[in-house]
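*Asks:*
Numbering (this note's numbering), first residue to last: 719 to 1299.
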């Protein structure tokens, strides 16, 4: 069979996605695809097809109490997934394109629920499993379509490597196999389809391919309005040279009716959203309130240690490098215009963290476009004598990504609070320590302490019970720090605590050192991937001060009530004294 390697890769990708989906179904816990942002995309289906109430959402409060799908953001329609229109109706903050693509799986699940013991309420297990596994069908379809397009320009090996890197060395796997209820994997398919439809129309112009291209552009825009820049793909396709551009626009003039058909189909794709807005809000267009900072974009979206695209998914550097190897390809200007504008829009959004996410999730849907420059680069490299090193690099990218996705799903790689020091401690680290975990909240780690003198300033010796009322501070240690002789330029305090409590969520272990220079504070969260609410957990962090005399207070804080037991609390002072005879 011709081009068997790239076809085999499509199968491998599907198996990897299935395995990742299954591995992230936690024993004893229900699978929930339709929660948080995913719930906002999904609400169209149950509200219209089951409850026949998409304006007042009187049914949603009971559903949320039963399944906890809104993320605890409110009761009924008052969560962040909706907004109240001037006419008093609730309007969904998320567009309906994802719901329309979820519709086949929803209908299958609804049939199963109606003919089984599960409630046909739109949120019971059949719906969750249908959506969770249904998206993998779309992912396989996307891989096959992208493969077909890549084989037009590149050989089988280049296509296979490109598919592997795009699907398994990036955060695409997270948003197609785990957090799959969001828009990214659905749009990924739309981008593969518009790329292929654009290629087919330019190869042999026809009304059919013009309609497909226009419809997909409109549908992508209905799914996420910022995807309207998808129009740059067909617009600049085959304009890579002056001669090609001249021929392309001459062909467009010969088929001007195709432009009308494409535009009509684009409007047709947008129509369901416009009708919904009109019925729900009274207006054909509803402002969902997004904010942008185009004059001051957030480059940390790409380079920052919070969620930086190049930091956490380093294979994406090759996406950009590949743009310098596209000379002669008819997609060159399409890719350049689209990718650069797309990145600019993504980094200019006011909520630059994009909620909880692994790497920059807002770029996932456009990976099929980035696959073209990546393939151009791969095609050059595989004919070089140092290609074995490149294969090792590819394996590294895939291995690191799969390892980090596993960390992310365990919340070791945190969805919102990452920083440089913490990332360095957990990088390829399967068993982070309590001190490693402390760097989520503290940036203090002393240099080599081998030459430091030590002194124990707190040691509880025996365990004791603690109890905190709602929102109170519970003091577990309060001691005076004696001054040290000589010239002590910097003093380090190592706080170690063994604590057992079931009330870990949003609770912190805090330390505050008050000196004449002010107050130095530090803290660590009690809830972490290595903590267990049924056992005693160890916590550890460092705090430094330049003044040795003062007062040390250690507390437990929580916005809720907390009961537990301190098994051990120890504070050790590390210091170097200068100028003593």
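Yeah, the Cβ is synthetic: ideal placement off N, Cα and C, and Gly gets one too.
With burial defined as no fewer than 16 other Cβ atoms inside 10 Å of the residue's Cβ, what is the status of residue 1282: buried or exposed?
*Replies:* Buried, since its Cβ has 16 or more Cβ neighbours within 10 Å.
*Asks:* Return the residue from the list 894, 903, 1234, 1041 that minimises the CA-CA distance to residue 1095.
*Replies:* 1041
*Asks:* Rounding to the nearest angstrom, what Cα-Cα distance links residue 740 and residue 799 in this structure?
*Replies:* 27 Å
*Asks:* For the alpha helix (DSSP H) containing residue 895, name the first residue and the last one.
*Replies:* 890–895
*Asks:* In terms of residue numbering, what span does the alpha helix (DSSP H) encompassing residue 908 cover?
*Replies:* 902–921
*Asks:* What does the alpha-carbon distance come out to for the pair residue 792 and residue 1255?
*Replies:* In this prediction, residue 792 has a pLDDT of 49, which is less than 50 and means its spatial position is unreliable; what the coordinates show is noted afterwards. Going by the C-alpha atoms only, they are around 32 Å apart.
*Asks:* For residue 1097, which residues in the same chain have their Cβ closer than 6 Å to its Cβ, ignoring the five residues on either side in sequence?
*Replies:* The residues are 872, 876.
*Asks:* So if DSSP puts residue 1195 in a beta bridge, which residue, or which two residues, is it bridged to?
*Replies:* Its beta-bridge partners are 1272.
*Asks:* Contact check, residue 1226 vs residue 1275 under 8 Å by CB: the rounded distance?
*Replies:* 5 Å
*Asks:* Let me know the secondary structure DSSP gives residue 1252 once reduced to three states.
*Replies:* coil
*Asks:* Among the residues of its own chain, which have a CB less than 6 Å from the CB of residue 1183, if the five just before and after it don't count?
*Replies:* 1283.
*Asks:* Would you call the CB atoms of residue 942 and residue 894 closer than 8 Å?
*Replies:* no
*Asks:* Would you kindly check if the distance between the Cβ of residue 846 and the Cβ of residue 752 is under 8 Å?
*Replies:* yes
*Asks:* In chain order, what residues of the same chain have a beta carbon less than 6 Å from the beta carbon of residue 910, not counting five sequence neighbours either side?
*Replies:* 860, 863, 864, 1086
*Asks:* Can you have a look at residue 824 and say buried or exposed, based on whether 16 or more other CB atoms are within 10 angstroms of its CB?
*Replies:* Result: buried.
*Asks:* Nearest CA to the CA of residue 912: which residue from 879, 947, 890?
*Replies:* Selection 879, 947, 890 evaluated against residue 912 yields 947 as nearest (Cα-Cα).
*Asks:* One question on the structure: do residue 841 and residue 761 come within less than 8 Å of each other, judged by their Cβ atoms?
*Replies:* Contact annotation: residue 841 and residue 761 have beta-carbon atoms that are not nearer than 8 Å.
*Asks:* Can you find at least 3 beta carbon pairs, one from the stretch 1213–1232 and one from the stretch 1242–1257, that sit closer than 8 Å?
*Replies:* yes
*Asks:* Within this structure, are the beta carbons of residue 1267 and residue 1181 separated by less than 8 Å?
*Replies:* no
*Asks:* Just grab the DSSP bridge partners of residue 1240 for me.
*Replies:* In the DSSP output, where bridge partners are listed per residue, residue 1240 has 1229.
*Asks:* Measure how close the beta-carbons of residue 679 and residue 1224 come, nearest whole angstrom, since I'm counting them as under 8 Å.
*Replies:* This structure cannot settle anything about residue 679, because the visible part of the chain is limited to 719 through 1299.
*Asks:* Taking only three categories from DSSP, how would you classify residue 776?
*Replies:* coil
*Asks:* Taking the alpha helix (DSSP H) that residue 1035 belongs to, which residues open and close that run?
*Replies:* Membership of residue 1035 in the alpha helix (DSSP H) is indicated by the continuous run 1034–1039.
*Asks:* Considering only their Cβ atoms, is the gap separating residue 766 from residue 772 smaller than 8 Å?
*Replies:* Remark: C-beta atoms of residue 772 and residue 766 approach each other more closely than 8 Å.
*Asks:* Can you tell which of 904, 870, 866, 857 has the C-alpha that lies nearest to the C-alpha of residue 886?
*Replies:* 857
*Asks:* Please say whether residue 1070 and residue 1141 have beta carbons closer to each other than 8 Å?
*Replies:* no
*Asks:* Between residue 721 and residue 881, which are expected to be in contact by the criterion C-beta below 8 Å, what is the C-beta distance as a whole number of angstroms?
*Replies:* Their Cβ separation, rounded to whole angstroms, is 12 Å, which puts residue 721 and residue 881 out of contact at 8 Å.
*Asks:* Can you round the beta-carbon distance between residue 1052 and residue 954 to whole angstroms, since I take them to be within the 8 Å contact cut?
*Replies:* 4 Å
*Asks:* With distances taken between CB atoms, is the gap from residue 1032 to residue 969 smaller than 8 Å?
*Replies:* In this structure, residue 1032 lies away from residue 969, with their beta-carbon atoms at least 8 Å apart.
*Asks:* Identify whether residue 758 lies in helix, strand or coil by the three-state DSSP scheme.
*Replies:* helix
*Asks:* Over what stretch of residues does the alpha helix (DSSP H) that includes residue 978 continue unbroken?
*Replies:* 974–999
*Asks:* Would you kindly work out how many angstroms separate the C-alpha atoms of residue 756 and residue 1021, rounded to a whole number?
*Replies:* 27 Å
*Asks:* According to DSSP, residue 1186 sits in a beta bridge with which residue or residues?
*Replies:* 1280
*Asks:* Return helix, strand or coil for residue 1262, following the three-state DSSP convention.
*Replies:* Secondary structure of residue 1262 (DSSP, three-state): strand.
*Asks:* Give me, in chain order, the residues of the same chain whose beta-carbon lies closer than 7 Å to that of residue 1151; leave out the 5 immediate sequence neighbours on both sides.
*Replies:* Cβ within range, chain order: n/a, list empty.
*Asks:* Could you tell me if residue 776 is buried or exposed, where buried requires 16 or more neighbouring beta carbons within 10 angstroms of its beta carbon?
*Replies:* exposed
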